[in-house]
Amino acid sequence: MWPFDTIPHSELMQCVARRMVDRRMLHLIRMWLTAPIMEQDGKRKWRNLGSNQRGTPQGGVISPLLANLYMNRFLKYWRQQGKGDELGAVVVTYADDFVILTRRSPERKAAEAARDWTQRVMSRIGLTLNEQKTSIRDAWQENFDFLGYTFGRHYSLWGGQPYLAARPSKKSIQRLSRGVSEMLQRREKRPWPQVLERLNAMLQGWRNYFSYGTISRAYQIGNNHVERRVRQFLRQRHRHSTKGTRRFSSQEIFGRLGVQRLARR
1 MWPFDTIPHS ELMQCVARRM VDRRMLHLIR MWLTAPIMEQ DGKRKWRNLG SNQRGTPQGG
61 VISPLLANLY MNRFLKYWRQ QGKGDELGAV VVTYADDFVI LTRRSPERKA AEAARDWTQR
121 VMSRIGLTLN EQKTSIRDAW QENFDFLGYT FGRHYSLWGG QPYLAARPSK KSIQRLSRGV
181 SEMLQRREKR PWPQVLERLN AMLQGWRNYF SYGTISRAYQ IGNNHVERRV RQFLRQRHRH
241 STKGTRRFSS QEIFGRLGVQ RLARR
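Per my numbering, residue 1 is the first one in the sequence shown, and the count goes up by one each step.
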């Protein structure tokens, strides 16, 4: 379900109107919010979803902007009520995805208070927390994923001391591996320089985002997968009868052939 299916249009438009005075633009946004959508159901047809009084269209170009704008109501009220100081907590948010970080306590009182307060305020402004994704975690005991990272306890390679850190999540690594595999299919017939350009753009984008925290293991997994897939791709393209480990060695792939290696800057 789109997280902002329940945003009430009247309250949302009030938020927009506080920041915009152009009546024609306000009218355009309201029309866009209530416009019917094209849906494939046996045959293409137009139909309205819901009451046209709530929600922003999923996939709409300005839906994330409006969602952030409406979510700011919750963040502003959090600050006005001084909940951060009261609970020793910090809200970290990205569009509709957010976590509330509190200091560890055996009773989890601050975490429970933050969750209960958030549920009440969200209900008041017409939003609903996703029950499946809403939980209280002790980062020293349990990992949790947020924005592609896994947060939790790690152990130092020198002495085995525990510490809290972030690392690219398993799903993020799997998505990278899947993307590389889909790009380097046998059916890909473009010249190698074009294939290389697309591959390096993907790797660079992934590295730019996942450059924080404990990243060495994730980079090693990514590099190993890229090396295997590039070798297989070139071996098939050049009809090489062997495994190609000598002709397309690691040094060749990440050297003369120009494939970018995931590495800390």
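We put the CB at the ideal spot given by N, CA and C, even for glycine.
In this structure valine 226 is buried. Its beta-carbon is surrounded by 16 or more other beta-carbon atoms within 10 angstroms.
Under the three-pair Cβ rule at 8 angstroms, the segment 143–151 does not count as touching the segment 115–129. Considering only Arg198, Arg167, Thr214, the residue with the shortest C-alpha distance to glutamine 260 is Arg198.
Linking serine 135 to proline 193 through their CA atoms gives a straight-line distance of about 47 angstroms. Of all alpha-carbon atoms in Ala263, Ala110, His27, Gly82, the one lying nearest the alpha-carbon of isoleucine 221 is that of Ala263. When only Cα atoms are considered, serine 63 and alanine 111 end up about 30 angstroms apart.
Cβ contact annotation for asparagine 143 (same chain, cutoff 6 angstroms, sequence separation greater than five): Thr150, Gly152, in chain order.
Here aspartate 116 carries a helix assignment [DSSP, helix/strand/coil]. Where isoleucine 100 is concerned, the enclosing beta strand (DSSP E) starts and stops at 97–102. Minimum Cα-Cα distance from glutamate 11 among the listed residues Val21, Trp32, Arg73 corresponds to Arg73. Non-local C-beta neighbours of tryptophan 140 in its own chain, meaning closer than 6 angstroms and more than five positions away in sequence, comprise Arg153, ordered along the chain. Counting of Cβ neighbours within 10 angstroms places tyrosine 219 among the buried residues, the total reaching 16 or more.
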